[in-house]
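Participant:
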Amino acid sequence: MTRDFISNKKQVFDRWAPSYDWLLPSVFYQTVHKRLLEHVDLPPQPKVLDLGCGTGRLLDRLAAKFADLRGTGLDLSPEMLRVARQKNRHHPRLIYIEGKAESLPFADGQFNAVFNSISFLHYLEPKQVMSEVARVLSPGGRFYLVDTSLKSKAESQLTLAGLGKIRFYSPQERESLGASAGLVCAGHYYLLGPVLLTIFTKPPLS
Ligand SMILES: C[S@@+](CC[C@H](N)C(=O)[O-])C[C@H]1O[C@@H](n2cnc3c(N)ncnc32)[C@H](O)[C@@H]1O
20 MTRDFISNKK QVFDRWAPSY DWLLPSVFYQ TVHKRLLEHV DLPPQPKVLD LGCGTGRLLD
80 RLAAKFADLR GTGLDLSPEM LRVARQKNRH HPRLIYIEGK AESLPFADGQ FNAVFNSISF
140 LHYLEPKQVM SEVARVLSPG GRFYLVDTSL KSKAESQLTL AGLGKIRFYS PQERESLGAS
200 AGLVCAGHYY LLGPVLLTIF TKPPLS
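Numbering (the numbering used here), first residue to last: 20 to 225.
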């Protein structure tokens, strides 16, 4: 079931990749990225991961703003990654690799920040992804989770033609998912309509 689910998502995004950066939704994503940046706080020489990086637009923006940042984009879709690599103005500071959010191919504590923009809604195993994010974050690191958040529970799970099954999480559900992985919620910020940024921190070592 998990394998079919993931392979369907891969097909959806492979098909979408060539037009992803010029279709109307991209204007929406770019606005979300711009507003997200206003909340980003990184240490010197940060190492960051963009989970579900798509065509790499968010990492490109982060690398332009933080000159000493090194970033890894991970995505399920080889076609999204192909576009991201073609447009990569910051190689070798930015690299792109194929993988699944549910089992990250990284050592523990490797990143100062993890970003996840409009991708969490696609995950079949959100708890597993949260625990992987917590694992790869360094102590004191931050997780920036950006996704649509609906208030009504009735609308929280949908099957959309072309996108498959998706799921939205309320601010409280996000907090408890984070807590189950040992992450502490530092705040919620609406970026655009129902698109909500939740910032989590991994507690520093005492
Ligand atoms: C709507 S796009 C968002 C892309 C980018 N983050 C942005 O803000 O423009 C969602 C991305 O999540 C990726 N994705 C979905 N499920 C995934 C999973 N389980 N593991 C890794 N990537 C996944 C898709 O391949 C797609 O590129």
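Even glycine gets a Cβ: it sits at the ideal position worked out from N, Cα and C.
So who's on the other strand from Glu117, going by DSSP bridges?
Facilitator: The count along the sequence shown starts at 1 and reaches residue 117 at position 98. Partner(s): Asp94.
Participant: Inspect the CB distances between the stretch 150-169 and the stretch 27-37 and report whether three or more fall short of 8 Å.
Facilitator: Segments in contact, no.
Participant: Grab me the residues of Ile185's own chain with a C-beta within less than 8 Å of its C-beta, minus the 5 sequence neighbours each way, in chain order.
Facilitator: Against the sequence shown, residue 185 aligns to sequence position 166. Excluding positions up to five away in sequence, the list reads Leu140, His141, Gln176, Leu177, Thr178, Leu179.
Participant: Is Val103 near ligand 1, with its Cβ less than 7 Å from a heavy atom?
Facilitator: As a first step, residue 103 is located in the sequence shown; it is residue number 84 there, counting from the start. A quick correction: the sequence has Ala, not Val, at residue 103. No, the beta carbon of Ala103 sits no closer than 7 Å to any heavy atom of ligand 1.
Participant: Taking the alpha-carbon positions, what's the Leu56 to Pro62 distance?
Facilitator: Here residue 56 corresponds to residue number 37 of the sequence shown, with the count starting at 1. Here residue 62 corresponds to residue number 43 of the sequence shown, with the count starting at 1. If I take the Cα positions, the gap works out to 14 Å.
Participant: Which same chain residues end up closer than 7 Å to Asp127 when comparing Cβ atoms and leaving out the 5 residues on each side of it in sequence?
Facilitator: The count along the sequence shown starts at 1 and reaches residue 127 at position 108. Closer than 7 Å at Cβ, skipping near neighbours: Arg154, Val155.
Participant: Across which residues does DSSP place Cys72 in a beta bridge pair?
Facilitator: As a first step, residue 72 must be located in the sequence shown, where it is residue number 53. Looking at the DSSP assignment, Cys72 forms no beta bridge with any residue, so it has no partner.
Participant: Would a C-beta distance cut-off of 8 Å place Thr74 and Ala120 closer than the cut-off?
Facilitator: Start at 1 with the first residue of the sequence shown, and residue 74 comes out as number 55. Start at 1 with the first residue of the sequence shown, and residue 120 comes out as number 101. Against a cut-off of 8 Å, the Cβ pair of Ala120 and Thr74 comes out as no contact.
Participant: Report the rounded CA-to-CA distance for Ile25 versus Pro145, giving the unit in angstroms.
Facilitator: What you label residue 25 is simply residue 6 of the sequence shown in a count that begins at 1. What you label residue 145 is simply residue 126 of the sequence shown in a count that begins at 1. Taking the straight line from one Cα to the other gives about 13 Å.
Participant: Can Ser168 and Leu215 be called in contact, C-beta distance under 8 Å?
Facilitator: Position 149 of the sequence shown, counted from the first residue, corresponds to residue 168. Position 196 of the sequence shown, counted from the first residue, corresponds to residue 215. Cβ atoms of Ser168 and Leu215: closer than 8 Å.
Participant: Taking C-beta to C-beta, are Val67 and Asn135 nearer than 8 Å?
Facilitator: Walking along the sequence shown from the start, residue 67 turns up at place 48. Walking along the sequence shown from the start, residue 135 turns up at place 116. Cβ atoms of Val67 and Asn135: not closer than 8 Å.
Participant: Can you list, in chain order, the residues of its chain whose CB lies under 8 Å from that of Pro158, leaving out five sequence neighbours each side?
Facilitator: Counted from its first residue, the sequence shown places residue 158 at position 139. Counting only Cβ-Cβ distances below 8 Å, and skipping sequence neighbours, we find Gly128, Lys221, Pro222, Pro223, Leu224.
Participant: In this structure, does DSSP put Ala103 in helix, strand or coil?
Facilitator: On the sequence shown, position 84 is the one that residue 103 refers to. Ala103: helix per DSSP, three-state reduction.
Participant: Cα-Cα, which of Arg89, Leu88, His109, Leu70 is closest to Ser96?
Facilitator: Sequence index remark: in the sequence shown, residue 96 carries index 77 (1-based). With distances taken between Cα atoms, Ser96 lies closest to Leu70.
Participant: Once you ignore the five residues that flank Ala205 on each side, which residues in its own chain have a CB closer than 8 Å to its CB?
Facilitator: On the sequence shown, position 186 is the one that residue 205 refers to. Correct list, in chain order: Arg161, Ile218, Phe219, Thr220.
Participant: Quick one, are the C-beta atoms of Arg54 and Leu211 less than 8 Å apart?
Facilitator: What you label residue 54 is simply residue 35 of the sequence shown in a count that begins at 1. What you label residue 211 is simply residue 192 of the sequence shown in a count that begins at 1. Going by C-beta atoms, Arg54 is nearer than 8 Å to Leu211.
Participant: Within the structure, which residues are defined as neighbours of ligand 1 by a Cβ-heavy atom distance below 5 Å, reported in chain order?
Facilitator: Lys28, Phe32, Tyr48, Gly71, Gly73, Asp94, Leu95, Ser96, Met99, Lys119, Ala120, Ser136, Ile137, Ser138, His141
Participant: What residue range does the alpha helix (DSSP H) around Asp273 cover?
Facilitator: One cannot answer for residue 273 here, as it falls past the ends of the chain, which runs 20 to 225.
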